[in-house]
Amino acid sequence: DAGVIQSPRHEVTEMGQEVTLRCKPISGHNSLFWYRQTMMRGLELLIYFNNNVPIDDSGMPEDRFSAKMPNASFSTLKIQPSEPRDSAVYFCASSLGGLGGYGYTFGSGTRLTVV
Amino acid sequence: GQNIDQPTEMTATEGAIVQINCTYQTSGFNGLFWYQQHAGEAPTFLSYNVLDGLEEKGRFSSFLSRSKGYSYLLLKELQMKDSASYLCAALIKAAGNKLTFGGGTRVLVKP
Chain A
71 DAGVIQSPRH EVTEMGQEVT LRCKPISGHN SLFWYRQTMM RGLELLIYFN NNVPIDDSGM
131 PEDRFSAKMP NASFSTLKIQ PSEPRDSAVY FCASSLGGLG GYGYTFGSGT RLTVV
Chain B
984 GQNIDQPTEM TATEGAIVQI NCTYQTSGFN GLFWYQQHAG EAPTFLSYNV LDGLEEKGRF
1044 SSFLSRSKGY SYLLLKELQM KDSASYLCAA LIKAAGNKLT FGGGTRVLVK P
């Protein structure tokens, strides 16, 4: 299994530009999570999906952030327009709905720098 | 709200033992996870406790007391490669299950 695949690994963009982060979960996993990690705030849950349906987006910082999961094998997190304070590492993770004691499997993350 | 506390940093010597404590105050608590994260890498699963007691897995053990809202991760026979951040995470049963993470404890292992 290739694990959770995220792209790109690194993204540098100018303030005001649109940024799209991509994630392919592990095949068979029915839950997908987007996290953001910074030194100041640690790992924060932004949004998660169950069976492609958004369940809880209360962690999405503001309307500039949106996430979609059009099918079981793909999700995107979009920031439009981007701001310097959005600079962080964005992780995607997936799991079986019942977890079974194995928690989440994280992707390698996308390091976003907004200048 | 959800509150998970753990020390920011700990230092220990190679071959020694280190215990990382985690206290939590959450609603809908459904279990406690520990993850390891090396610098620049993704978190990886270490352990999961849902019942009170100790779970042992090689050099790593994790303990949970649900009544006290307390867990610890015990690392024995420390190796240099154990230098990493250790994240405590509470599983919250909401609509589905979601993991809420503490700030992480950075462990530095010295020779």
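Read top to bottom, the protein sequences are chains A and B. Under the working numbering, the residues of the first sequence are numbered 71 to 185, in order. Under the working numbering, the residues of the second sequence are numbered 984 to 1094, in order. Here a beta-carbon is modelled for each residue, glycine too, at the ideal position from N, C-alpha and C.
Buried versus exposed, by CB contacts within 10 Å (16 or more), residue i
{"i": "Asn-1080 of chain B", "result": "buried"}
{"i": "Ile-1000 of chain B", "result": "exposed"}
{"i": "Val-1092 of chain B", "result": "buried"}
{"i": "Ser-1068 of chain B", "result": "buried"}
{"i": "Pro-1094 of chain B", "result": "exposed"}
{"i": "Met-139 of chain A", "result": "buried"}
{"i": "Gln-150 of chain A", "result": "exposed"}
{"i": "Pro-131 of chain A", "result": "exposed"}
{"i": "Leu-1074 of chain B", "result": "buried"}
Cα-Cα separation between residue i and residue j, rounded to whole angstroms
{"i": "Thr-1083 of chain B", "j": "Glu-997 of chain B", "result": "31 Å"}
{"i": "Phe-161 of chain A", "j": "Gly-179 of chain A", "result": "4 Å"}
{"i": "Gly-170 of chain A", "j": "Phe-1012 of chain B", "result": "Any answer about Gly-170 of chain A is weak, because its pLDDT of 46 lies below 50 and its placement is not dependable; what the coordinates show is given next. Looking at the two C-alpha atoms, the distance is approximately 15 Å."}
{"i": "Ser-1045 of chain B", "j": "Ala-995 of chain B", "result": "18 Å"}
{"i": "Gly-73 of chain A", "j": "Arg-92 of chain A", "result": "14 Å"}
{"i": "Phe-135 of chain A", "j": "Leu-1047 of chain B", "result": "36 Å"}
{"i": "Thr-948 of chain B", "j": "Lys-1059 of chain B", "result": "With chain B represented from 984 up to 1094, any question about residue 948 of chain B goes unanswered, as that position is not in the structure."}
{"i": "Glu-153 of chain A", "j": "Glu-1039 of chain B", "result": "45 Å"}
{"i": "Gln-1002 of chain B", "j": "Gly-177 of chain A", "result": "28 Å"}
{"i": "Arg-1089 of chain B", "j": "Gln-1008 of chain B", "result": "22 Å"}
{"i": "Pro-990 of chain B", "j": "Gln-1019 of chain B", "result": "15 Å"}
Proximal residues of chain A, C-beta to C-beta of residue i below 7 Å
{"i": "Gly-1086 of chain B", "result": "Gly-112"}
Presumed contact (8 Å Cβ cut-off) between residue i and residue j, rounded CB distance
{"i": "Ser-165 of chain A", "j": "His-99 of chain A", "result": "6 Å"}
{"i": "Thr-146 of chain A", "j": "Thr-90 of chain A", "result": "6 Å"}
Interface partners of residue i on chain B, CB under 9 Å
{"i": "Ala-161 of chain A", "result": "Before going further, note that residue 161 of chain A is Phe rather than Ala in the sequence given. Correct list: Ala-1025 and Pro-1026."}
{"i": "Ser-188 of chain A", "result": "Nothing about residue 188 of chain A can be reported from this structure: the residues present for chain A run from 71 to 185 only."}
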